[in-house]
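What follows is a short report on a single structure.
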Amino acid sequence: MDTHDDKRQEAVFAQGKVDIEVVQDLDEAEVFLQENNFSNEYVQELLDDKASIKRLVRKVDFRIIPLLAGTYLLQYIDKQAMSYAAVFDLFDDTNINLTQYSWFASIFYIAYLVAEYPWRSSGGCVMAWGTVLMATAACSNFGGLAACRFLLGVFEAPITPCFMMIVAMWYVREDQPFRAGVFYSCNGFGSMIGGILFFGIGQIKTFPVWKTIFLLCGGVTILWGVVLLLFLPDNIISAKRFSPQEKAALIGRGKLGRTGILNHKIKPYQIREALLDPQIWLLVLFTLLNEIINGGIANFGKLIIKGLVHSPLETTALGIPQGGFQVVFILSGTYLASRFRNCRTIIMMLYMIPTIIGIGVLWRLDRSDRVGVLMAYYIVGGFVSSLVVAMQMPSANLGGYTKRMTGTAVVFMAYCIGNVMGPHAFLASESPTYPTGCKTILGCAVGQVCAAFALRLLLVWRNKRRDAGASSADTSDEAAVVDEVSTDLTDFENPHFRYVY
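Just so you know, we're using the working numbering here: the sequence shown kicks off at 7 and counts up by one.
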């Protein structure tokens, strides 16, 4: 190990004096405990009070999750505003064609790629993207729309990695998949609510429907950004609506996963370690393939439905059930991943099956069978549940705050690249059946199953190797857990770390 590892073993407090360099190397949660004179024994007493811990978890559920869920609801509706606008009068009013339209999704996710590292102010990002949405209504050509899509991507980009880090900070590892699933399922609710909302907006005859969509979505989003600025804490330590004792208990729970809680000191060796970790690259491959699917379905799904009917309002209405299917897929998949130990990679594989079946039917079924095509379109969304579980894996399986942040960011880069690539598999000349797009999605789905299986083999092998090494080592000292977190060890450095798979 590097020389900084020796320094981690030095005493932090010696003869009443503080070694500033060592304190800077500590997890900030450990600094909070020391500054407030919370001993390890006191923190353990807090954790032993199961009734109080249960109430505290419920408090976090009611204070944090609704804010994340509301943001994700609006984010999905706002991202889909362009596809709903395309169903109505966007093409005619702005003189754009289908090829230019396919670039909007790519431009959006290129911006995601540039700006996706987690920012500190989620509320500020939300207010900014709401402003950009309203400005989109003033555009009259491809250039203006493209510029707004890029800025929208910049300000929406930090939300998903930031929220995954928030869940990892406030919850223990076994609680994380379902909590992430709760707010991510709001994509499905957003699809249903957006469909109903835009169906109503579509009745407007006195003002361009597509402009109304952007103005309304933008205005509501700006107001929600103010709510986030007032009520969403940046982290446990700075949270205003939790007592010091509650913060200490949450920090204690966070220590149990041995992943670290908060450390703003950037550690280059942890960045290097993250970039050389094979599990990160398997997750990158899985996420890249997943988002190639998403990039195509999200932007051309409505146009597939449009090929079955003649009215934009019918297209909007028939898209609503897809959101309900998505909610069921996400909540069931993440619940199972939280409920049953080490079944996450199994869930990642199983929930690709509906996608494989659905896209196969969309590819081969004659469009005269409208019911069959619609049902196939609805079940294709199973891949989203696999994504939510995969996106939570870096937070659960990477020790060291800088390594965890880097791993999350790298995986999310794949998320962006996949969404840039996906729409271009759907060729305008193949509308409305898009056989090339269907074959691309089918290949990606099969590739994801293989990547998830390889990830499971890797993590099982790592745990078995560590278990064998632990048989001759003394792992009975409970204080070791505190020391591991306080010195911000990575999963490679910490022999007691065990991976979830």
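In this text, a Cβ means the ideal position worked out from N, Cα and C, and glycines have one as well.
Predicted, not measured: the structure shown is a model, and the values here were computed from it.
Same chain, Cβ closer than 8 Å to residue i, five either side skipped, listed in chain order
{"i": "Ala434", "result": "Asn103, Leu104, Thr105, Ser108"}
{"i": "Val66", "result": "Trp176, Tyr177, Leu256"}
{"i": "His430", "result": "Ser108, Ser112"}
{"i": "Gly313", "result": "Arg373, Ser437, Pro438, Thr439"}
{"i": "Gln332", "result": "Ser191, Asn193, Gly194, Ser197, Gly387, Val390"}
{"i": "Asn58", "result": "The amino acid occupying residue 58 in the given sequence is Ser; Asn does not appear at that position. Only Leu52, Ala255 meet the Cβ criterion."}
{"i": "Leu464", "result": "Pro284, Gln285, Leu288"}
Inter-residue CB distance, residue i and residue j (contact presumed, cutoff 8 Å)
{"i": "Met171", "j": "Ser344", "result": "The Cβ separation is near 18 Å, so there is no contact."}
{"i": "Ile336", "j": "Gly194", "result": "6 Å"}
{"i": "Val290", "j": "Val417", "result": "6 Å"}
{"i": "Phe97", "j": "Pro318", "result": "With 8 Å as the limit, Phe97 and Pro318 do not qualify as a contact, their Cβ atoms being about 11 Å apart."}
{"i": "Gly387", "j": "Asp497", "result": "Their Cβ separation, rounded to whole angstroms, is 32 Å, which puts Gly387 and Asp497 out of contact at 8 Å."}
{"i": "Ile326", "j": "Ile202", "result": "6 Å"}
{"i": "Leu119", "j": "Met355", "result": "27 Å between Cβ atoms; not a contact."}
{"i": "Leu53", "j": "Gln251", "result": "With 8 Å as the limit, Leu53 and Gln251 do not qualify as a contact, their Cβ atoms being about 12 Å apart."}
{"i": "Ile277", "j": "Thr412", "result": "5 Å"}
{"i": "Ala35", "j": "Ile242", "result": "7 Å"}
{"i": "Pro167", "j": "Ala121", "result": "Pro167 to Ala121, Cβ: 11 Å. No contact."}
Residue i (DSSP reduced to helix, strand or coil)
{"i": "Gln209", "result": "coil"}
{"i": "Asn300", "result": "helix"}
{"i": "Pro239", "result": "coil"}
{"i": "Cys223", "result": "helix"}
{"i": "Cys145", "result": "coil"}
{"i": "Met358", "result": "coil"}
{"i": "Val28", "result": "For Val28, the pLDDT reaches just 43, beneath the cut-off of 50, and the residue's location in the model is therefore unreliable, although a value from the coordinates is still provided. Residue state, collapsed to three classes: helix."}
{"i": "Ile202", "result": "helix"}
{"i": "Lys271", "result": "coil"}
{"i": "Gln102", "result": "For the sequence presented, residue 102 should be read as Ile rather than Gln. DSSP places Ile102 in coil when its eight states are reduced to three."}
{"i": "Leu371", "result": "coil"}
{"i": "Asn42", "result": "coil"}
{"i": "Ala485", "result": "Because the pLDDT at Ala485 is just 49, under 50, the model does not fix this residue reliably, and the value given afterwards should be weighed accordingly. Three-state DSSP puts Ala485 in a helix."}
{"i": "His502", "result": "coil"}
{"i": "Leu495", "result": "coil"}
{"i": "Ala396", "result": "helix"}
{"i": "Val160", "result": "helix"}
{"i": "Ala245", "result": "coil"}
{"i": "Glu508", "result": "Since the first residue shown for the chain is 7 and the last is 507, residue 508 is missing from the structure and cannot be characterised."}
{"i": "Asn348", "result": "coil"}
{"i": "His430", "result": "helix"}
{"i": "Asp473", "result": "helix"}
{"i": "Tyr507", "result": "coil"}
{"i": "Gly76", "result": "helix"}
{"i": "Gln21", "result": "A caution first: Gln21 carries a pLDDT of 34, below 50, which makes its placement in the model unreliable, though a value can still be read off. Coil."}
{"i": "Tyr440", "result": "coil"}
{"i": "Leu463", "result": "helix"}
Pick from the options that is closest to residue i, judged by C-alpha positions
{"i": "Gly129", "options": "Tyr115, Leu236, Asp95", "result": "Leu236"}
{"i": "Arg185", "options": "Thr142, Phe169, Gly159", "result": "Phe169"}
{"i": "Ile352", "options": "Phe331, Val386, Ile311, Ala460", "result": "Ala460"}
{"i": "Ile298", "options": "Ser317, Thr361, Ser244", "result": "Thr361"}
{"i": "Val334", "options": "Leu96, Val390, Thr166", "result": "Val390"}
{"i": "Ala304", "options": "Gln328, Gln285, Gln454, Leu282", "result": "Gln328"}
{"i": "Tyr383", "options": "Cys422, Thr439, Tyr341", "result": "Thr439"}
{"i": "Ile228", "options": "Met133, Thr340, Lys261", "result": "Met133"}
{"i": "Phe44", "options": "Phe110, Gln86, Ile257, Asn101", "result": "Ile257"}
{"i": "Leu281", "options": "Lys65, Lys409, Ile365", "result": "Lys409"}
{"i": "Met358", "options": "Gly330, Ile310, Asn300, Thr414", "result": "Asn300"}
{"i": "Gly307", "options": "Val226, Ile59, Gln86, Arg247", "result": "Gln86"}
{"i": "Ser392", "options": "Val49, Pro250, Gly208, Tyr421", "result": "Tyr421"}
{"i": "Trp230", "options": "Asp84, Ala144, Leu62", "result": "Asp84"}
{"i": "Ile447", "options": "Gly366, Leu262, Asn469", "result": "Gly366"}
{"i": "Cys223", "options": "Thr212, Gly200, Pro214", "result": "Gly200"}
{"i": "Leu342", "options": "Glu34, Pro183, Ile311, Arg471", "result": "Pro183"}
{"i": "Glu101", "options": "Leu151, Val63, Ala117", "result": "Position check: residue 101 holds Asn in this sequence, whereas Glu was assumed. Comparing Cα positions, the closest option is Leu151."}
{"i": "Gln285", "options": "Gly260, Met399, Met88, Met381", "result": "Met399"}
{"i": "Ile116", "options": "Cys444, Leu262, Met427, Arg472", "result": "Met427"}
{"i": "Val395", "options": "Arg504, Gly453, Ala174", "result": "Ala174"}
{"i": "Gly378", "options": "Ile311, Tyr407, Phe346, Met397", "result": "Ile311"}
Close beta carbons around residue i, own chain, < 6 Å, minus the five adjacent residues each side
{"i": "Trp135", "result": "Leu158, Phe161, Glu162"}
{"i": "Ala479", "result": "Residue confidence is low: Ala479 scores 49 on pLDDT, short of 50, so the model does not pin down where it sits. Its coordinate-derived value is still stated next. The answer is none, since no qualifying residue turns up."}
{"i": "Ala457", "result": "Leu288, Leu291, Phe292"}
{"i": "Arg155", "result": "Phe110, Ile113, Phe114"}
{"i": "Cys450", "result": "Leu295, Ile298, Ile299"}
Sequence-distant residues of its chain with Cβ nearer than 7 Å to residue i (five each side left out)
{"i": "Val506", "result": "Arg179, Asn348, Arg350, Ala402, Asn403"}
{"i": "Cys192", "result": "Ala75, Tyr78, Leu79, Tyr82"}
{"i": "Trp216", "result": "Ala91, Phe94, Asp95, Leu96, Asp99"}
{"i": "Phe205", "result": "Leu319, Thr322, Ala323"}
{"i": "Leu221", "result": "Met140, Ala143"}
Proximity test, residue i beta-carbon vs the ligand HEM heavy atom, cut-off 7 Å
{"i": "Asn305", "result": "As far as ligands go, the structure on display features none, and thus does not contain the ligand HEM."}
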